[in-house]
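Structure, as structure tokens:
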Amino acid sequence: MTRYSAVAAIFAATTALVNPAAAETELTMYYPIAVGGPLTQVVDGIVDDFMTENPDIKVNAIYAGNYDDTRIKALAALEAGEPAQLAVMFSIDAYDLIEQDLIVPFEDLTDDSNWLNSFYPALMANSKIEGKTWGIPFQRSTIVAYYNKDMFRAAGLDPEKAPTTWDEMIEMGKALSNDDHYGLMIPSTGYPYWMFQALAIQNGKEVMSNDGTTTFFNDKDVVDTLDFWKSLSSEHRIMPEGTVEWGTLRQAFLEGKTAMMWHSTGNLTAVKNNAEFDFGVAMLPGNVRLGSPTGGGNFYVFKDASDEEKNAALKLIQFMTAPEQAAEWSIATGYMGVSPAAYETDALKAYAAEFPPALVARDQLEHAVAEFSTFETARVRDGLNAAIQSALTGDKSAAEALIEAQAAAERQLSAYK
Amino acid sequence: MMRWIEPALAVALAVVWISPLVFAVWAAFHGVSDAINFRLFSPITLENFRTAWEGAPWLRYFFNSFLLVTTILIGQFVLATLAGFAFAQVQFRGRDALFTLVLLQLFILPEVLIVENYRVAANLGLIDSIIGIGAPYMASAFGIFLMRQAFKSVPKELDEAARVEGCSLLGVLWRVYVPAARPTYIAYALVSVSTHWNNFLWPLIVTNSDSTRPLTVGLSIFGAPENGVDISVISAATVMVIAPLLLLFLLFQRQFVQAFLTAGIK
Amino acid sequence: MSHANTPDRQRRAIHGWLLLSPALIMLSAFALYPSVATLWTSLWSRGTRRRPSEFVGLDGYRQLLDDPTFWKVVSNNLIYAGITIPASMVIALTMALWANSKMPARSFLRTAYFTPTVLPMIAAGNLWLFFYTPSFGILNKIGALFGAEAVNWLGQPDTALWAICMVTIWKEAGFFMIFYLAALQTIPPDLREAAEIEGASRWTYTRRIVLPLLMPTTLFILVNAMINSVKLIDHLFILTKGGPSDSSKLILYYIWENAFAYFDRPAAAAMTVLVLIALGALAAFQFLVLDRRTHYR
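Residue numbers (this note's numbering), protein chains in the order written: chain X, 1 to 417; chain B, 1 to 266; chain P, 1 to 297.
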């Protein structure tokens with residue numbers, strides 16, 4: 001596939017003319033996982049099964065790293081006229097993808113409303129925009145609390161009872177904190193807005209409107225939420241000062257540097273395989289209510305694809321999100337089975353019986369809300385991220401930081417109202 | 001007593017300077033938990049290398065990097081030789097103005113122009129190709145300048161002797177000037193190879209697939225997975241990536257340092 | 001040669017242009033044209049589904065100047081330059097003086113100092129991540145031995161930029177050392193002997209004789225270091241991604257982010273133009289002020 005020059009491309013085109021036997025549809029799919037990791041083999045396996053079933057379709061999966069890298073790469077490819085028919089990208093990129101006129105709604109591709117309605121509604125929340133469905137859930141998660149049962153026992157706590165309210169969390173966190181490790185770590189790099197949104201929901205407040213044009217960063221309850229997060233380290237001393245690194249948090253948890261961590265369900269299998277202690281998984285605690293945003297990636301189909309390619313892409317998506325494959329994917333990673341039917345498959349039933357934490361994310365879905373997403377989402381989100389980090393690091397007060405972020409967001413969103 | 005303070009400081013600085021590398025090597029050969037808790041007598045393992053090796057198509061990345069530096073080097077040699085020769089030995093009107101224009105490029109860094117260079121590369125169909133990564137660097141003002149200096153110091157008599165024997169202009173360049181400038185070529189090659197072997201930002205932007213990604217981009221993607229990193233495995237991958245150039249450097253240290261000197265000072 | 005007849009001159013001109021044309025074509029395609037195109041792009045608004053791109057003149061620049069992040073990034077970059085340039089130059093000079101003296105283990109010193117130069121910045125980022133990571137990073141482990149509080153080096157606005165600077169200094173000092181070393185080796189040894197006979201201390205000798213002789217090299221390194229303070233940002237991708245709250249974000253990273261993460265090409269173009277102007281000023285300084293005295297002979 002390497003193209004050394006335009007000349008080589010012409011060569012290739014000529015060869016294709018000479019050799020018309022290749023009458024198959026070729027799909028290029030961008031996928032947000034690290035190249036060559038264990039997960040690529042899972043995706044490759046599912047894709048291979050698909051190609052065996054559909055010999056006339058050839059799928060090239062391009063593994064582009066994390067979500068940001070994948071979006072950047074896929075859109076750069078589109079702009080450069082490179083082939084790209086579908087991608088798994090952040091569920092929250094939908095507004096921007098629509099605004100840049102890059103994707104098509106699934107209603108244009110299929111009349112099968114049964115299929116479109118077969119997924120958990122909470123997982124569809126981010127992709128229902130302007131009355132249409134722009135994304136199909138696949139690599140989806142919520143935030144869950146992982147906790148070290150051995151440490152719970154050592155602190156004299158019931159290892160089967162994770163905190164269910166903020167107060168309990170602080171109380172238990174204090175019991176669990178000592179010179180050797182912290183009681184709790186909530187990551188604040190990578191995706192700080194995601195964790196923050198969870199806290200805000202638990203505090204009874206959404207941080208954005210449903211149409212992607214308004215944010216509520218300066219709302220009193222939202223500001224209180226950030227103050228609460230900050231107080232976990234400054235007042236209650238159950239979390240380290242400064243920011244907590246997303247990327248190394250799993251390692252810190254596995255190393256026993258914290259008794260509890262909030263992280264994506266996407267980490268479940270990795271924690272299960274590497275923990276040398278007894279661990280539990282629980283829903284996040286609540287304050288006013290329970291709650292977590294959903295997260296992760298949806299399938300999108302690009303507008304520039306030919307009708308034939310779009311149909312092939314739809315087929316592939318239907319195959320990959322079918323209950324059996326969704327179950328396989330969930331077992332391999334910890335990401336959610338995207339439809340109730342996936343949890344009815346024998347494979348996932350057996351797995352859940354043997355490893356009950358696999359069901360926590362699903363059970364939490366009834367409390368879940370759409371992930372933070374607006375127009376200009378990357379910028380607005382970065383503004384919120386910066387505000388959260390400035391408050392946590394003591395650079396600014398929560399109110400000051402959030403009022404600034406709100407002003408910046410209003411400036412960026414004014415064009416969309 | 002005083003005599004020892006300075007050498008001690010010098011050695012201390014040297015130790016600080018190589019310590020990141022030493023720790024990475026140490027981590028690469030130990031389990032994560034042993035590595036970060038500094039269990040000095042814990043068993044040595046090659047497991048990290050195995051995991052890292054299986055984690056990405058490193059051979060392909062090595063090959064891409066190799067192809068990339070070779071392509072760039074050949075392009076730079078050809079362009080810089082021709083242009084350097086014109087600036088040094090062919091007299092024509094506008095030459096000095098052109099030379100100033102070329103020198104200006106020393107400051108128009110390809111790194112800064114990533115946005116528009118990306119468009120140019122896209123229009124030429126060079127995205128996700130080795131040529132595309134190399135193209136912005138081929139007409140290197142630095143290289144042209146260097147070759148001009150080298151050619152200027154070639155004795156005029158050699159040139160004239162060759163012409164008397166009936167050599168064409170390019171013949172003179174090839175038979176007289178290029179051989180005479182050999183040390184400069186070697187120096188330039190070392191500088192160019194080590195620069196482009198290590199280059200990151202532009203290759204990151206231009207490449208899309210494993211078939212073109214050089215090592216640096218492969219390493220950055222390998223090192224930033226969605227859900228967290230494993231320090232030992234990353235260390236192993238890093239050690240793997242830097243080993244070839246590092247070994248070459250340690251083996252040919254003298255020539256290497258000399259090359260940087262020639263390229264920088266003359 | 002100056003009395004050559006016209007056909008000969010014409011032939012030479014043709015030869016000259018032919019020899020230059022490949023380089024000029026590439027330079028035009030990847031330096032001159034993009035510079036002009038950048039300027040042009042910066043004068044247009046970003047096109048979206050609702051609002052197609054239109055000519056807005058200097059509006060883009062006004063928006064940029066209104067963007068607090070832009071100013072933050074500029075000041076970060078000035079701090080970055082202000083720290084890394086002098087620090088790496090002073091360390092480089094010290095290294096060169098040591099590596100050039102009659103010290104034991106001289107070649108070990110030279111190798112150790114120079115090694116970071118051959119490593120990719122990305123790899124350097126990975127190596128240093130291991131140093132900086134909170135809870136199990138090496139710096140904190142060492143600190144703990146002396147009873148220091150654990151510091152979240154990359155996670156705090158006060159320290160993140162410093163941590164980034166440290167990596168840059170580490171990477172650059174050895175490189176600059178080489179140039180000083182070369183210059184030191186050209187200083188005739190009898191100068192030193194003469195100084196010793198005069199009874200001058202080593203410090204006096206260094207200050208009064210060596211440093212002035214190193215001046216051209218220092219200026220050459222200075223220009224290089226200034227260019228690098230714009231260019232060297234690879235480690236940001238690994239270490240901080242510009243955070244927390246933009247405290248370690250540098251201009252080139254922000255340009256990249258605007259262009260490839262926010263898809264706001266005009267904003268990126270406007271910033272690029274400003275950086276090019278700054279580099280142009282640097283070039284003028286180099287050619288007009290330093291040229292006679294430095295290596296461009």
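By construction, the Cβ of each residue, glycine as well, lies at the ideal position given by its N, Cα and C atoms.
Here's a check: name, in chain order, each residue in its chain whose Cβ is nearer than 6 Å to the Cβ of residue i, leaving out the five neighbours to either side.
| i | result |
| --- | --- |
| X:Y193 | F372, R381, L384, N385 |
| X:A370 | A125, N126 |
| P:L39 | V273 |
| B:N48 | A28, S232, V233, A236 |
Leaving out the 5 sequence neighbours to the left and right, which residues in its chain are closer than 8 Å to residue i when beta-carbon positions are compared?
| i | result |
| --- | --- |
| X:V360 | V144, T265, V281, A282, M283 |
| X:A418 | Outside the shown range of chain X, which is 1 to 417, sits residue 418 of chain X, and nothing can be said about it. |
| B:E111 | L201, W202 |
| P:V275 | V230, I251, L252, I255 |
| P:S35 | L276 |
| X:N19 | Residue placement at X:N19 cannot be trusted, given a pLDDT of 43 that sits under 50; the coordinates are not used to answer. |
Is it right to say residue i is buried, meaning 16 or more other beta carbons lie within 10 angstroms of its own, or is it exposed?
| i | result |
| --- | --- |
| X:N148 | buried |
| X:Q41 | exposed |
| X:D307 | exposed |
| B:W58 | buried |
| X:Q364 | buried |
| P:L93 | buried |
| P:T6 | exposed |
| P:V142 | The amino acid occupying residue 142 of chain P in the given sequence is Ile; Val does not appear at that position. Under this definition P:I142 is an exposed residue. |
| B:R268 | Nothing about residue 268 of chain B can be read from this structure; chain B reaches only from 1 to 266. |
| B:K343 | For chain B, the structure presents residues 1 to 266; residue 343 of chain B sits outside this window and is missing. |
| P:I197 | exposed |
| P:N140 | buried |
| P:Q10 | exposed |
May I ask you to list the residues that DSSP assigns as paired with residue i?
| i | result |
| --- | --- |
| X:T165 | X:G286 |
| X:V301 | X:L86 |
| X:E26 | X:K58 |
| X:P293 | X:V369 |
| X:M208 | X:T215 |
| X:A145 | X:W262, X:A282 |
| X:I63 | Before going on, a small fix: residue 63 of chain X reads as Tyr here, not Ile. Note: X:Y63 sits in a beta bridge opposite X:Y31. |
| X:R140 | X:G296 |
| X:I103 | X:F302 |
| X:K128 | X:T133 |
| P:W376 | Nothing can be reported for residue 376 of chain P, as the shown portion of chain P is limited to 1 through 297. |
Below 7 Å CB to CB, which residues in the same chain sit around residue i once its five sequence neighbours on both sides are set aside?
| i | result |
| --- | --- |
| P:G280 | none |
| X:K230 | A391, L392, A398 |
| X:K396 | S390 |
| B:Y61 | R213, P214, L215, G218 |
| B:I269 | Lying before the first or after the last residue shown, residue 269 of chain B is absent from chain B, which here runs from 1 to 266. |
Residue i by DSSP, collapsed to three states: which one?
| i | result |
| --- | --- |
| B:V112 | coil |
| P:T262 | Here the sequence assigns Tyr to residue 262 of chain P, which means Thr is not the residue at that position. Note: P:Y262 maps to coil in three-state DSSP. |
| X:L184 | strand |
| B:I44 | coil |
| X:T393 | coil |
| X:T133 | strand |
| B:F107 | coil |
| X:F375 | coil |
| B:F23 | helix |
| X:F196 | helix |
| X:L257 | The question names Leu, yet the displayed sequence has Lys at residue 257 of chain X. Coil, per DSSP. |
| P:H15 | helix |
| X:D93 | helix |
| X:H236 | coil |
In chain order, which continuous runs of the alpha helix (DSSP H) of length 4 or greater are located wholly inside the stretch 89–163 of chain P?
-> 106–114, 121–132, 138–145
Every unbroken beta strand (DSSP E) inside the stretch 195–238 of chain P [3 residues or more] = none
4-residue-minimum alpha helix (DSSP H) runs that sit fully inside the stretch 336–363 of chain X, ordered along the chain | 340–344, 346–354
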